[in-house]
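Sequence order for the protein chains is H and P.
According to our numbering, the first sequence is numbered sequentially starting from 6.
According to our numbering, the second sequence is numbered sequentially starting from 600.
We put the beta carbon where it would ideally sit given N, CA and C, even for glycine.
No experiment lies behind these values; they were computed from the predicted model shown.
Let me begin by presenting the structure, written as structure tokens, before commenting on it.
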Amino acid sequence: MRKLPTTVAATAALIAILASCRETESLAPAESLERPAAATVFSTASSEEPLPADQVFVPDAHVDDGALFFRIQLLPGYYLYKDKISVRSLSDDVALDDYAFVEDWSKSEAIFDEWFGEQQVFFTEAHGSAPINQQTTSARRFDIELSYQGCKKDGVCYVPQSKVLSVVIPARLESEADPKE
Amino acid sequence: MSRIFLIFCAALLALMAGALLYAVRIPTEVALEQAAPQPKTLEAVTRPVFKLPDLEGAEREFVEWDGKHRLLNFWATWCAPCRREIPMLKAFQEEHGEAGFQILGIAVDYLEEVVPFAEETEFNYPILIGQQDAMAVAESSGIEFIGMPFTMIVARDGELVGAYLGELHQGHLDDIVTILTRLDNGEINKTEASGALDLL
Numbered sequence: 006m007r008k009l010p011t012t013v014a015a016t017a018a019l020i021a022i023l024a025s026c027r028e029t030e031s032l033a034p035a036e037s038l039e040r041p042a043a044a045t046v047f048s049t050a051s052s053e054e055p056l057p058a059d060q061v062f063v064p065d066a067h068v069d070d071g072a073l074f075f076r077i078q079l080l081p082g083y084y085l086y087k088d089k090i091s092v093r094s095l096s097d098d099v100a101l102d103d104y105a106f107v108e109d110w111s112k113s114e115a116i117f118d119e120w121f122g123e124q125q126v127f128f129t130e131a132h133g134s135a136p137i138n139q140q141t142t143s144a145r146r147f148d149i150e151l152s153y154q155g156c157k158k159d160g161v162c163y164v165p166q167s168k169v170l171s172v173v174i175p176a177r178l179e180s181e182a183d184p185k186e
Numbered sequence: 600m601s602r603i604f605l606i607f608c609a610a611l612l613a614l615m616a617g618a619l620l621y622a623v624r625i626p627t628e629v630a631l632e633q634a635a636p637q638p639k640t641l642e643a644v645t646r647p648v649f650k651l652p653d654l655e656g657a658e659r660e661f662v663e664w665d666g667k668h669r670l671l672n673f674w675a676t677w678c679a680p681c682r683r684e685i686p687m688l689k690a691f692q693e694e695h696g697e698a699g700f701q702i703l704g705i706a707v708d709y710l711e712e713v714v715p716f717a718e719e720t721e722f723n724y725p726i727l728i729g730q731q732d733a734m735a736v737a738e739s740s741g742i743e744f745i746g747m748p749f750t751m752i753v754a755r756d757g758e759l760v761g762a763y764l765g766e767l768h769q770g771h772l773d774d775i776v777t778i779l780t781r782l783d784n785g786e787i788n789k790t791e792a793s794g795a796l797d798l799l
């Protein structure tokens, strides 16, 4: 009987540990609201059926150091054609120079297609950047259109997608401004 | 006594731990289900009715092919698996056309892309062309149009009996012929045919 307090204490400790596990799990959905949508989607999808394009290809973009950086994340089992990805500014006073893929972050791979020959595709994510030419030094928001087209590995191709994303350009110091402005 | 009490406590402990672990699992499973939604189910029509232009720009009505089993094959010039299907669909049309099977190619694409490809391909079945209007026809199957190739199967009387998202292979076509021939012969009814086509 002397062991009763020890057993009760062990039980209480185990309950406390498990309860804290339970609490962590229940916090996960709320925490995920603050992450980019892609982080939630990609960690859990496991269906064999082709999913709608918005769930398969998840684009996002931001501006950093005078350049636009865009990214498209993909679910496993899908790919995007490199030459079908393009980006353009929808704002008259913000121009984008030619974009380039950031292969250090998302290296494309070659696949061979009997109809289209060798094609470069992205399997997990595509990163690109384009220098921005803006007319003002103040912070502002502008819209870009990101276009892309991809397929599921086992034979379903999605219709070309175009997504409008709103991007914030941070204010630039006068000393950083382009002399032309 | 002390040993019995300890065994009792251990059993109680195991029971509580099991219950708590089960409770911990529940939200995880719910989250997984929520994170992988399927394409939306739309309201399906029983009998597709539409008009779309052909390669010459002439409006073609779907009822024109009433009396035949029809495979509406949605494709595009930029879609590699769609292009892979075409030689097989041509062979199917050649082999089963006289038995009352009709392939209809519906290009969800632009005329200027489709015309040169069609000339090169020498289709032996009609090609109709559209964009949003063609996608609306596909969605009349009750399945959200997310990609291609996509094939709707319509029985001789114009009733939609099946739809398939993905690349068709010879085995699929063989099964379609078998099922629709059994329907013709009265060996199965339309509900059974539809159920069998669901399993493609």
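Endpoints, the beta strand (DSSP E) within which residue i is located
| i | result |
| --- | --- |
| P/His668 | His668 to Trp674 |
| P/Ile775 | Where P/Ile775 is concerned, there is no enclosing beta strand (DSSP E), although the alpha helix (DSSP H) it sits in stretches over Gln769 to Asp783. |
| P/Lys689 | Unbroken run through P/Lys689 is the alpha helix (DSSP H), Ala679 to His695; no beta strand (DSSP E). |
| H/Val92 | Ser91 to Ser94 |
| H/Ala115 | Glu114 to Asp118 |
| P/Leu651 | Lys650 to Pro652 |
| P/Arg646 | Neither: P/Arg646 is in no beta strand (DSSP E) and is coded neither H nor E. |
Per DSSP, cross-strand counterpart(s) of residue i
| i | result |
| --- | --- |
| H/Asp210 | Since the first residue shown for chain H is 6 and the last is 186, residue 210 of chain H is missing from the structure and cannot be characterised. |
| P/Ile726 | P/Gly704 |
| H/Ala100 | H/Asn138 |
| P/Met751 | P/Leu671 and P/Ala762 |
| P/Gly656 | According to DSSP, P/Gly656 bridges with nothing at all. |
| H/Gly133 | H/Phe75 and H/Phe106 |
Simplified DSSP assignment, three categories, for residue i
| i | result |
| --- | --- |
| H/Lys168 | strand |
| H/Phe127 | strand |
| P/Phe716 | helix |
| H/Leu56 | coil |
| P/Phe744 | coil |
| P/Asp665 | coil |
| P/Asp721 | Looking at the sequence shown, residue 721 of chain P is not Asp but Glu. Here P/Glu721 sits in coil by DSSP. |
| H/Leu80 | coil |
| P/Glu711 | helix |
| H/Val61 | helix |
| H/Lys158 | coil |
| H/Pro175 | coil |
| H/Ala105 | strand |
| P/Glu786 | coil |
Under 7 Å by beta carbon: chain H residues contacting residue i
| i | result |
| --- | --- |
| P/Arg682 | Trp120 |
| P/Val662 | Near P/Val662 there are no residues of chain H at all, since even the closest Cβ is about 27 Å away, more than 7 Å. |
Residue interval of the alpha helix (DSSP H) (run including residue i)
| i | result |
| --- | --- |
| P/Lys789 | Lys789 to Asp797 |
| H/Ala146 | The question names Ala, yet the displayed sequence has Arg at residue 146 of chain H. Not the alpha helix (DSSP H): H/Arg146 falls in the beta strand (DSSP E), residues Arg145 to Tyr153. |
| P/Val760 | Looking at the DSSP string, P/Val760 is not in any alpha helix (DSSP H); the run it does join, the beta strand (DSSP E), is Leu759 to Leu764. |
| P/Glu738 | Gln731 to Glu738 |
Interface partners of residue i on chain P, CB under 7 Å
| i | result |
| --- | --- |
| H/Tyr163 | Ile745 and Gly746 |
| H/Gly160 | Pro680, Gly765 and Glu766 |
Cβ shell of residue i (< 6 Å), same chain only, five flanking positions each side left out
| i | result |
| --- | --- |
| H/Arg93 | Glu150 |
Residue i: contacting residues in chain H (beta-carbon distance under 8 Å)
| i | result |
| --- | --- |
| P/Val707 | Val164 |
Sequence-distant residues of the same chain with beta carbon closer than 7 Å to residue i, five excluded per side
| i | result |
| --- | --- |
| H/Lys157 | Pro55, Gly82 and Tyr83 |
| P/Ala675 | Cys681, Ala706, Val707, Asp708 and Met747 |
| H/Ala100 | Ser94 and Asn138 |
Own chain partners of residue i with C-beta closer than 8 Å, once the 5 adjacent residues on each side are dropped
| i | result |
| --- | --- |
| P/Thr645 | Glu758 and Leu759 |
| P/Val662 | Val648 and Gly757 |
| P/Gly785 | none |
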